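Protein chains in written order, with the numbering used here: chain A, 305 to 617; chain B, 232 to 519; chain C, 123 to 461.
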Amino acid sequence: MTRGMYVRRRLLLMLPTAFGVTLVTFFMIHLIPGDPAVTMLGIRATPKAVALLRREWGLNRPLYEQYWLFLSRIVRGNFGTSLFYGSSATGLILRASLVTLELIVYAVVLSVVIAVPLAVLAATHRNRIADQAVRAIPLVGMGMPSAWIAIMLILLLGLKNHVFPVAGLQAGFIGHLDSMFLPSLTLSLGIAPLLIRSLRSSLIDAFEADFVTTARSKGIGEYRVLIRHAIRNSLASSLNILGLQIAFLISGTLVVESVFALPGVGALMVNSIFRRDFPVVQGITFILALAVILTNLGTDIIHSMLDPRVRFE
Amino acid sequence: MAGLSSLPPPLTSDELQRGRGSRRVSPNLVAGSAILLVIIGLVLAAPLISSYSPTALNPLQALLGLSMHHLLGTDELGRDEWTRLLYGGRVDLEIAFLAVLASFVLGTAIGCLAGYFGGWVDVLVMRVVDVILAFPFFVLVIALVFILGPGTKSIYIAIIATDWVSYTWIIRREIVAMKKHEFVLAAAALGYKHTRIMLRHLIPNCITQAIVYSMSDVVFTILTIVTLGFLGLGVPPPTAEWGSMMSDGQQFITTHWELATFPGIIVVITGIGLSLFGDGIADLLRVE
Amino acid sequence: MTDLLLSVKNLRVELSTRRETVHPVENVSFDLAQGETLGIVGESGCGKSMMLRTLIGLLPRGGRATGGQIVFQGTDLLSLNEKQLRDVRGRSIGMIFQEPMTALNPVMQVGEQIAEGPIAHLGFTKKAGRQRAVELMQQVGIPDAVRRLRAYPSELSGGMRQRVMIAMALACEPKLLLCDEPTTALDVTIQDQILKLLLELQASTGIGMIFVSHDLAVVSQICQNVAVMYAAQIVEIGSVASVLADPTHPYTLGLLRAVPDFDNVKSVLESIPGIPPSLADPPIGCRFRARCSFAQEDCAVGDFPLMLADGDHASACIHSDSCRAAAQADPIIGARAAR
Numbered sequence: 305m306t307r308g309m310y311v312r313r314r315l316l317l318m319l320p321t322a323f324g325v326t327l328v329t330f331f332m333i334h335l336i337p338g339d340p341a342v343t344m345l346g347i348r349a350t351p352k353a354v355a356l357l358r359r360e361w362g363l364n365r366p367l368y369e370q371y372w373l374f375l376s377r378i379v380r381g382n383f384g385t386s387l388f389y390g391s392s393a394t395g396l397i398l399r400a401s402l403v404t405l406e407l408i409v410y411a412v413v414l415s416v417v418i419a420v421p422l423a424v425l426a427a428t429h430r431n432r433i434a435d436q437a438v439r440a441i442p443l444v445g446m447g448m449p450s451a452w453i454a455i456m457l458i459l460l461l462g463l464k465n466h467v468f469p470v471a472g473l474q475a476g477f478i479g480h481l482d483s484m485f486l487p488s489l490t491l492s493l494g495i496a497p498l499l500i501r502s503l504r505s506s507l508i509d510a511f512e513a514d515f516v517t518t519a520r521s522k523g524i525g526e527y528r529v530l531i532r533h534a535i536r537n538s539l540a541s542s543l544n545i546l547g548l549q550i551a552f553l554i555s556g557t558l559v560v561e562s563v564f565a566l567p568g569v570g571a572l573m574v575n576s577i578f579r580r581d582f583p584v585v586q587g588i589t590f591i592l593a594l595a596v597i598l599t600n601l602g603t604d605i606i607h608s609m610l611d612p613r614v615r616f617e
Numbered sequence: 232m233a234g235l236s237s238l239p240p241p242l243t244s245d246e247l248q249r250g251r252g253s254r255r256v257s258p259n260l261v262a263g264s265a266i267l268l269v270i271i272g273l274v275l276a277a278p279l280i281s282s283y284s285p286t287a288l289n290p291l292q293a294l295l296g297l298s299m300h301h302l303l304g305t306d307e308l309g310r311d312e313w314t315r316l317l318y319g320g321r322v323d324l325e326i327a328f329l330a331v332l333a334s335f336v337l338g339t340a341i342g343c344l345a346g347y348f349g350g351w352v353d354v355l356v357m358r359v360v361d362v363i364l365a366f367p368f369f370v371l372v373i374a375l376v377f378i379l380g381p382g383t384k385s386i387y388i389a390i391i392a393t394d395w396v397s398y399t400w401i402i403r404r405e406i407v408a409m410k411k412h413e414f415v416l417a418a419a420a421l422g423y424k425h426t427r428i429m430l431r432h433l434i435p436n437c438i439t440q441a442i443v444y445s446m447s448d449v450v451f452t453i454l455t456i457v458t459l460g461f462l463g464l465g466v467p468p469p470t471a472e473w474g475s476m477m478s479d480g481q482q483f484i485t486t487h488w489e490l491a492t493f494p495g496i497i498v499v500i501t502g503i504g505l506s507l508f509g510d511g512i513a514d515l516l517r518v519e
Numbered sequence: 123m124t125d126l127l128l129s130v131k132n133l134r135v136e137l138s139t140r141r142e143t144v145h146p147v148e149n150v151s152f153d154l155a156q157g158e159t160l161g162i163v164g165e166s167g168c169g170k171s172m173m174l175r176t177l178i179g180l181l182p183r184g185g186r187a188t189g190g191q192i193v194f195q196g197t198d199l200l201s202l203n204e205k206q207l208r209d210v211r212g213r214s215i216g217m218i219f220q221e222p223m224t225a226l227n228p229v230m231q232v233g234e235q236i237a238e239g240p241i242a243h244l245g246f247t248k249k250a251g252r253q254r255a256v257e258l259m260q261q262v263g264i265p266d267a268v269r270r271l272r273a274y275p276s277e278l279s280g281g282m283r284q285r286v287m288i289a290m291a292l293a294c295e296p297k298l299l300l301c302d303e304p305t306t307a308l309d310v311t312i313q314d315q316i317l318k319l320l321l322e323l324q325a326s327t328g329i330g331m332i333f334v335s336h337d338l339a340v341v342s343q344i345c346q347n348v349a350v351m352y353a354a355q356i357v358e359i360g361s362v363a364s365v366l367a368d369p370t371h372p373y374t375l376g377l378l379r380a381v382p383d384f385d386n387v388k389s390v391l392e393s394i395p396g397i398p399p400s401l402a403d404p405p406i407g408c409r410f411r412a413r414c415s416f417a418q419e420d421c422a423v424g425d426f427p428l429m430l431a432d433g434d435h436a437s438a439c440i441h442s443d444s445c446r447a448a449a450q451a452d453p454i455i456g457a458r459a460a461r
């Protein structure tokens, strides 16, 4: 099987999951206790408005028809109208996604910059002080709520010392880098402990592997052994782990964007929840799930490119 | 759902046979247990430790700062921070432990059935698991809490509905690997009923990974509950809860940093205790 | 008399783990001349692999040489620091391992792995390295070498991978090749091919070889001399012809008797009763005593270093006469001696 066929096959396998995601997202509305239309409209629930909403959403029709309506809309990228803004939910979400995408990329870069040197340090100084210190990081770090990390960073780097801005998105490339630094750092500190732990572990495994003994028997310098043999072998599995952490990063944006007042998808979700803007919440839930599925697919493909042992079978 | 990908592979037959040798009580276990006992003890003994009320309003006593009378100061409504921290612990820890326990039981049961019977049951269950795993965990939880309305019950349902999948995944994988071992064939050959095989033979061998995972799951769940509280979607006020305390304290960060900082610190310490305890359990049960 | 390429004297190795301390190499001494092939035979766990690794300082964590000398081309390797030792490795001493699938880097092309030595030691450019790799691959008998340069280890068969390993080890034209059970993991037919290859290479390059194996038959095919190792010590050493026809140590005798011989079918396969002693807590006196049918009271105490029996043939057994007599009496061994 060639790589092209492999990709196509993975895409096909993705379909049932995507289908299931649409089902879950659809049923979300119907889980609402009581009459969905009344709950959605809240105070604005006049009988006329309720009837209008019921017609627009097809709530009077049988379930499978409603689902078909929903599915056909989603496929065309239509998530309905925002109850708060009155404009297209899809438009809102897409605009916000750009900001969030930037945030996530920034966070991934920062987390790699933080995690890789520390993991290499720990793996090459195994069981010595540097290693013990680095191993303490996941222990402490994995119990830190990202909200708390955000608050602490704001306190230490934003307010007391005015090093970085603490709220809002500033215009321009430098403005973006500047105002997104603290939020991205918060996100990256959230996943860095796990990255450090797995990278260190896979480096140690690589170091003890037979092929490293062979490399050493050729008299290759330790630095070269590290870079060309140990890290190269850890690369594939580390990228895999990183890919899986993207889902975690996405979750993290909800808190981080709210705290730092960034106009991204996470903040939009939280705000829409408070405004009871169902269409937007539903749309975001679906899109984020889709993003995770696609990221996993991408990670698999990149993994297969890096590791020749993956047989396209 | 941290760390499913980094779980070790299922044991081989040989490893199983060798397994039950000497169990070691490691320093991790001791340290972790110590920390947990202290925290749980403090939290449970809250009424005995502090005479203040966690919810009564005392506007005159607002924002007093650290002192001998108020170890960690008071919040903007005059409530003693230290007391709220202790009572808040009751809320957060209770929900976290119970939710994880329920997810554990539910997930293990489903995973066991799926793995053991295989066939369409297995396929169906794993499709459902895949779909739920496709959603970013917190996004799904928060959407469910939103739909079900505010309140502690919604939090339980949202967490359990999202968390059971991890246990199903773990247990099913173990059982599928274990089915190939001879002792399962032997049990079937002896004419044992399905439930007997599942309960007395398969599960005891598979459960250790799930137990070790559950420790980090409790940490993760505490973080989830705290984050929900922080965003204002958690346990409703005036109940003390670490997350909402952080959110309330955020407004006063420049003048009274202690209000937002200490709830986070105690979450971190609890996390450390649970992680050490989890590592210790893993050493004890000899899971690498 | 040719100059000695390698001279090992009284080598002692210690291996400490959290649980115990073991001495896998105890007072080992042997010499190797230029162009000579020495086989080291012994069962699993007798310390032969550890001994080989000690020669170039590749012991696992917790292992170190605690005594003796390893004189290679006039220099004691044990006195060198890590950097100096690295210069020797690959450049002057090459090593091949047992399991080529794990010993080769799975995510690196084989051409690159072969060229790595010359690039690191001899200052070859990438292009020159590639050319050298092609030459070497042809030398070891890998067909279609130019295309195979870019192959990954997982794309090659077991025999090919072992050839790649040999090419890697010979890349910088070392004077000594260490072989750690290189044919054990291979099919018998492939094993044969690899042994033939090693013999050819030895004849054409004059390289010295130390060949470690548990298989006496393999060693006898390829080596001129053989040392028999038991429980971390060398118990017998001499030319292959001499040791096989006239074993002077009861352990060697036991090994020879245990080999099935299709020309003289016996009704019962003889094995040596008992198990080897623990290297963490070795017994006093002769370590083979518990399993030896010639053992007597004076075997229980003292050290038993190698003593010359005959020409270059040495033994650690103080009762080698009885052993040799028994060997002559044995129909198979005696027949071989007569040949």
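Beta carbons are placed, not taken as given, at the ideal position from N, Cα and C, and that holds for glycine.
These numbers come from a predicted model, not from an experiment.
So, with DSSP's three-state summary, where would you put residue i?
i, result
"residue 603/A", "helix"
"residue 320/A", "helix"
"residue 436/C", "strand"
"residue 389/A", "coil"
"residue 432/B", "helix"
"residue 429/C", "strand"
Counting contacts by CB-CB distance shorter than 8 angstroms, is residue i in contact with chain C?
i, result
"residue 542/A", "no"
"residue 533/A", "yes"
"residue 525/A", "yes"
"residue 366/A", "no"
"residue 611/A", "yes"
Can you tell which of the options has its C-alpha closest to the C-alpha of residue i?
i, options, result
"residue 394/C", "407/C, 380/C, 447/C and 135/C", "380/C"
"residue 400/A", "587/A, 549/A and 371/A", "587/A"
"residue 419/C", "432/C, 441/C, 225/C and 433/C", "441/C"
"residue 406/A", "529/A, 468/A, 478/A and 458/A", "478/A"
"residue 313/A", "612/A, 605/A and 613/A", "605/A"
"residue 325/B", "383/B, 476/B and 284/B", "383/B"
"residue 452/C", "424/C, 413/C, 253/C and 366/C", "366/C"
"residue 373/B", "390/A, 571/A and 519/A", "571/A"
Since residue i contacts residue j with CB under 8 angstroms, what's their CB separation in whole angstroms?
i, j, result
"residue 362/C", "residue 174/C", "The Cβ separation is near 19 angstroms, so there is no contact."
"residue 156/C", "residue 330/C", "6 angstroms"
"residue 273/B", "residue 317/B", "6 angstroms"
"residue 353/C", "residue 168/C", "6 angstroms"
"residue 226/C", "residue 286/C", "7 angstroms"
"residue 329/A", "residue 590/A", "4 angstroms"
With 8 angstroms set as the bound, which would you pick, yes or no: does the beta-carbon of residue i sit closer than that to a beta-carbon of chain A?
i, result
"residue 226/C", "yes"
"residue 290/C", "yes"
"residue 242/C", "yes"
"residue 335/B", "no"
"residue 358/B", "yes"
"residue 378/B", "yes"
Please tell me whether, using a cut-off of 7 angstroms, the distance from the CB of residue i to the nearest non-hydrogen atom of the ligand NAP is below it.
i, result
"residue 166/C", "The ligand NAP is not part of this structure, which contains no ligands at all."
Tell me, please, whether the CB atom of residue i is closer than 8 angstroms to any CB atom in chain B?
i, result
"residue 451/A", "yes"
"residue 335/A", "yes"
"residue 577/A", "yes"
Residues from the stretch 172-202 of chain C in contact with chain A, defined by Cβ distance under 7 angstroms: Listed in sequence order: 178 and 180.
Short-range partners of chain C found in the stretch 492-520 of chain A, where Cβ spacing is below 9 angstroms: Residues of the stretch 492-520 of chain A whose Cβ lies closer than 9 angstroms to any Cβ of chain C, in chain order: 512, 513, 514, 515, 516, 517, 518, 519 and 520.
Any residues in the stretch 247-275 of chain C with a beta carbon nearer than 8 angstroms to a beta carbon of chain A? Which ones, in chain order? Residues 274.
Which residues, in order along the stretch 489-500 of chain B, keep a beta-carbon less than 9 angstroms from a beta-carbon of chain A? Near chain A, meaning a CB-to-CB distance below 9 angstroms, the residues of the stretch 489-500 of chain B are 491, 492, 494, 495, 496, 498, 499 and 500.
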